[in-house]
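From first to last, the protein sequence lines are chains A and B.
Just so you know, we're using this note's numbering here: the first sequence kicks off at 10 and counts up by one.
Just so you know, we're using this note's numbering here: the second sequence kicks off at 31 and counts up by one.
Using N, Cα and C, we set each Cβ at its ideal position, and we do this for glycine too.
Since the structure is predicted, the reported quantities are computational estimates derived from the model, not experimental observations.
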Amino acid sequence: MQKRYLTFRLMFAVTAIVGAVLSNMSYSAAAELRAFVKDQKGQPVEDAVVLAVPLDEKNKGLFKPPLDTVDQIDKDFIPHVKVVTPGTNVSFPNKDNVRHHVYSFSPAKTFELPLYSGTPAKPVHFDKTGQVTLGCNIHDWMLGYVYVADTPFFGKSLKDGKILIADAPAGEYSVRVWHPDMKGTEEATARKVMLIDAKSASMEWQITLKPVFKIPRASGGSGGGYR
Amino acid sequence: MENFNLTKRANTLLCACALLAASPTAFAEWMGNTDVSIQHDSNINNGELDSDVREATSLSMDVSATDFFALEDGKNVSVTLNAKGEGFDHYSGLNNLALGASLSLRKKWGLGPLVPWVGASLSTAHLNYANNIRNGWRHQFALRSGKRITERFNVQGELMAEQRDAKPLAPDIPWLSGDVFSQTSQALSLNAEYVLNDGMFMTVGTMLRRGGIAATSTESQRTIDASTAAAADPVLSFGPHVYAYRLDGTTRGLSANMTFNLLDPHSTLRVSLARFLTHANGGINYTKNVQMISWNHNF
């Protein structure tokens, strides 16, 4: 009786260990992609977006778009670049003490949020892929971007130019880079990569940035006064 | 009587600006601005002859508070109260404090940074000098318009009418008025701004001004004949028989500024050069060069 009981306990323990291992394996099965984007001078590029488009049918349509936000703080769009997927509703909360008038003329999304303070009642629905350039009709220097990505597997670089796309299902991907000030097309940066379960792949791009000419906040005035 | 009415109107504008600025409006934005500058004027007294020309350097600080109201359809209104103090290296009688207010309207014709805009402003200031012969009111009305051609290139123009009202001085020349510092003028200026890079832009401008000028110089029959008023000038008294004259003339000016964005987006450093050439009645001509370096911070 005692022997049978010990055998049962042993079987239970083995089953538990195998279950735990299998469970752990399924958790770590996703692949990751580490990318680095630098400019023509070899300096890290901030706000570069790396997009991994799955080429395997089984990995497409895995993502449900969330509600997202682009704030207006100190008369700037924060973040400067926001990446979303088609179907995302983006809210534009105004955290300044002055009204803003946000608009976009971009083909991917043309919209206007006339003078408002606080959070507009209705978020803006982004349903087409591509670049959407944001402006404010009160503060002409305000410039921001919403990039509507054609894949849920993307990442955006910080000051160090590094990007991590974690939890991507294993498979083949077409990976490309987009940046608002990039010379050339994003398609020209596309490369194929095979992501393998529980492994990390590394990729690096060197892109050429156009010089940035932001509209100044201050006006030039008329020089020395006449008295 | 006319001066009294103008002063009354200026006071009304000041009160209206103060009331508008103080009104609790949910959508009004308060903006503060500080500007500190050092300016060198190669001909502070607008003298014609080399022996009359005096240069001066001044340090000034301008503090202003603006209440900005964004309205529908691209319109906005702003009310500004400002105080500017200026101190001179020589000629301490020119040290002054100007307290003023202005009301500005602006309309953009459409959406986006590249649409044209028009604006108008009405401003008034009381000028208080260490020596009170120049004390008085300065009223300005300006019409402005501009258009940004590209992100880098911006143009704007301004048409300004100015009236200065000072207390008439005792006439030293019997047949001439002593009211030297009461003047009217009109000026047209055009400016083009070009962004050189993310932290630097340059502005070049030209101006044409017609109207009254105060020039201090040694007494001469030619100057007296050309003047519409004259009085002794104890502030710029660099010799015997020196008078301040009111002349009518045309001034042409050219200016170039370079503006640098400093550590944060709210601060700029500006270096300006300007040259003015004036042709006054009676064939009196003079030039002046003005160099300025200024630091501006808005918050």
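Continuous beta strand (DSSP E) assignments of at least 3 residues falling wholly in the stretch 59-123 of chain B: Entirely contained in the stretch 59-123 of chain B, the beta strand (DSSP E) runs reaching 3 residues are, in chain order, 86-100 and 105-118.
CB contact below 9 Å: Pro143(B) versus chain A: yes
Within chain B, the residues that Gly144(A) reaches when beta carbons sit closer than 7 Å: When 7 Å is used as the limit between beta carbons, Gly144(A) is near these residues of chain B: Gly142 and Pro143, in chain order.
Members of the stretch 180-201 of chain B near chain A, C-beta cut-off 9 Å: Thr180, Glu181, Arg182, Asn184, Gln186 and Glu188
Proximal residues, the stretch 111-126 of chain A versus chain B, C-beta separation under 9 Å: Of all residues in the stretch 111-126 of chain A, only Tyr112, Phe114, Glu121, Pro123, Leu124 and Ser126 place a beta-carbon less than 9 Å from a beta-carbon of chain B.
DSSP beta-bridge partners of Leu22(B): Here chain B has residues from 31 to 329 only, and residue 22(B) is not among them.
Gly144(A) and Val107(A) closer than 9 Å at C-beta: no
Neighbourhood of Val148(B) by C-beta distance below 8 Å, restricted to the same chain and skipping five residues each side: Arg136, Lys137, Trp139, Leu173, Arg174 and Ser175
Residues within the stretch 204-228 of chain A neighbouring chain B, beta-carbon criterion of under 9 Å: Pro220, Val221, Phe222, Lys223, Ile224, Pro225, Arg226, Ala227 and Ser228
Span separating the alpha-carbon of Leu152(B) from that of Val109(B): 10 Å
Where Gly127(A) falls: helix, strand or coil (DSSP): strand
Minimum C-alpha distance to Asn238(A) - residue among Pro74(A), Ala227(A) and Leu152(A): Only positions 10 to 236 of chain A appear in the structure, and residue 238(A) is not among them; the question remains open.
Listed by chain order, chain A residues near Gly104(B) by CB distance under 7 Å: Contact of Gly104(B) with chain A by beta-carbon distance below 7 Å involves Asn146.
6 Å Cβ shell around Ile172(A) - same chain, five flanking residues per side excluded: Ala44, Val59, Gly164 and Ser166
Extent of the continuous beta strand (DSSP E) run through Asp77(A): Leu76 to Thr78
Reference Trp187(A), options Thr198(A), Ala177(A) and Gly153(A), closest by Cα: Thr198(A)
Whole-Å CB distance - Asp195(B) paired with Gly166(B), under 8 Å assumed: 5 Å
Own chain, CB closer than 6 Å to Arg226(A), minus 5 neighbours either side, in chain order: Shown here for Arg226(A): same chain residues with a beta carbon closer than 6 Å to its own, the five before and five after excluded, namely Trp150 in chain order.
CB of Val90(A) within 9 Å of CB of Gln215(A), strictly: no
Interface partners of Val225(B) on chain A, CB under 8 Å: Phe222, Lys223, Ile224 and Pro225
Assigned secondary structure, Gln251(B) (DSSP; H/G/I helix, E/B strand, else coil): helix
Short Cβ contact (9 Å threshold) for Asn162(B) with Lys197(B): Here Asn162(B) is near Lys197(B), since their CB atoms are less than 9 Å apart.
Straight-line Cα distance separating Arg84(B) from Ser247(B): Straight through space, the alpha carbons of Arg84(B) and Ser247(B) are spaced by roughly 10 Å.
Glu196(A) versus Pro178(A): straight-line alpha-carbon distance, rounded: 22 Å
Cβ distance (whole Å) where Gln186(B) is taken to contact Asn221(B) below 8 Å: 5 Å
Of the residues Asp83(A), Phe101(A), Pro53(A) and Lys137(A), the one placed nearest Tyr125(A), counting alpha carbons only: Phe101(A)
Straight-line gap, Ala128(B) to Val141(A) (C-alpha atoms, nearest Å): 47 Å
CB contact check: Val54(A) to chain B, cutoff 9 Å: no
Beta-carbon gap between Ala244(B) and Leu277(B) smaller than 9 Å: A Cβ-Cβ contact shorter than 9 Å links Ala244(B) with Leu277(B).
Residues within the stretch 74-107 of chain A neighbouring chain E, beta-carbon criterion of under 9 Å: Absent from the structure: chain E. Protein chains present are A and B.
Pairwise C-alpha distance: Val320(B) and Glu188(B): 20 Å
Any C-beta of chain A under 9 Å from that of Lys138(B): yes
Any chain B beta carbon closer than 9 Å to Arg185(A): No, because no Cβ of chain B sits closer than 9 Å to the Cβ of Arg185(A).
Proximity winner among Thr258(B), Thr236(B), Thr281(B) and Lys105(B), relative to His109(A) (alpha-carbon distances): Lys105(B)
Sequence-distant residues of its chain with Cβ nearer than 7 Å to His309(B) (five each side left out): Gly279, Thr280 and Asn315
Collapsed DSSP secondary structure at Asn291(B) in the structure displayed: strand
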